[in-house]
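Note sheet for the following structure.
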Amino acid sequence: MKGLADVQVTIVGLGLMGGSLAGALRGQCQTVVGVARRAETIDTTLMRGLVDQGTTDLASGVRQADVVVLATPVRVILRLLAKIGPLLPEGCLLMDVGSTKAQIVAKMAELPSHVQPLGGHPLCGREVSGITVADPTLYRRCSFVLTPLPRTSEAALALGRALVEALGARPLVLDPDRHDRLVATISHLPYLLACGLVGTAEIAASADPMVWEVAASGFRDTSRLAASDVTMMLDILLTNREAVMEALGVYQAQLRRLTRLVEAGDEEEMRDVLSTIRAQRKEMFP
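Numbering (numbering that gives the first Met the number 0), first residue to last: 0 to 285.
Structure (structure tokens):
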């Protein structure tokens, strides 16, 4: 298998994640090709210098690719996996950047034998979307999960690692089910909590609109994820329902615990619990 500098990488989907990926890889591999549904997206990507070539035709975009990365919403990735296999050349490495992995990896297992599949999930992103906000530095210093299949060759995994490192990211190999359980807690649950916070404030605002006048940085920071792209988040939640429900159950137990503390009004106990949580947070993010 070729080294990264000698390969053509085709990126299917040129939103925030795909466009940023293209820009980060351009100049580090032989050719970067972008595939998008709309010609205007291709024009913007070319104008910004994020790709070497662009097309709206999937078949022509992947025909000569050594590496193909699917950078669309999760359920679109699943649909693409059902049809892209016969379009790929012999030995092509097929990756994705979907935020859930179990269903994607299961679908990858059905690909034709000439394709080398490798699941992926970069642990980065923003609450904005579209090619206009693509940023080649987006992946720097983030962890990038790789979920190889039993059929993924060592050479294919090595090329996937090289691609991740070229982005400035840190490759982290995980089992897909374990990945989905972990991100349910640290990524998918926080989105729902942010939505719940905004909904709670909206109820308060219906009684007193002044609530928005006093909302400051604390509310803005903790509710930021509620501004995430809804289509993207629906795909994530609906393909990781079991793990998300489990995380919600754990959180609800924590919320009941905090509710009881406030209700009891025991200052010493509250201080002990909140101080422990504060220390845990500081240890995680010094």
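Using N, Cα and C, we set each Cβ at its ideal position, and we do this for glycine too.
Model, not experiment: these values are computed from the prediction.
Residue i - DSSP class collapsed to helix/strand/coil
| i | result |
| --- | --- |
| Q29 | coil |
| L122 | coil |
| G48 | coil |
| Q63 | coil |
| G53 | strand |
| D95 | strand |
| L162 | helix |
| I10 | strand |
| P147 | strand |
| L69 | strand |
| V127 | coil |
| I185 | helix |
| S222 | coil |
One or two residues paired with residue i in a DSSP bridge
| i | result |
| --- | --- |
| S142 | R169 |
| P116 | L93 |
| V34 | V11 and T54 |
Cβ separation of residue i and residue j, assumed to be a contact under 8 Å, to the nearest whole Å
| i | j | result |
| --- | --- | --- |
| D95 | I76 | 5 Å |
| V31 | D51 | 5 Å |
| L286 | G18 | Absent from the structure is residue 286, since the part of the chain shown begins at 0 and ends at 285. |
| P116 | P85 | The Cβ separation is near 14 Å, so there is no contact. |
| T146 | K106 | Incorrect: roughly 12 Å between the Cβ atoms, too far for contact. |
Residue i burial status per 10 Å Cβ neighbour count (16 or more: buried)
| i | result |
| --- | --- |
| S274 | exposed |
| L166 | buried |
| Q253 | exposed |
| T206 | Note that residue 206 corresponds to Ala in the displayed sequence, not to Thr. Label assigned to A206: exposed. |
| A242 | buried |
| Q251 | exposed |
| R280 | exposed |
| P208 | exposed |
| V6 | buried |
| R74 | buried |
| I185 | exposed |
heavy atom of the ligand NAD below 6 Å from residue i C-beta
| i | result |
| --- | --- |
| Q253 | By its list of ligands, the structure shown contains no ligand whatsoever, and the ligand NAD lies outside what it can speak to. |
Identity of the residue in the options nearest residue i by Cα
| i | options | result |
| --- | --- | --- |
| L1 | Q29, S19 and M16 | The question names Leu, yet the displayed sequence has Lys at residue 1. Measuring from the Cα of K1, the nearest candidate turns out to be Q29. |
| G119 | R47, T136 and A168 | A168 |
| T199 | T221, V68 and Q63 | T221 |
| V144 | A155, G129, T151 and R160 | R160 |
| G248 | A183, V6 and L45 | A183 |
| T55 | G26, T9 and L20 | T9 |
| A246 | D179, E266 and D271 | D179 |
| G97 | P285, E268, L233 and D265 | L233 |
| L224 | T131, V197, L45 and L93 | V197 |
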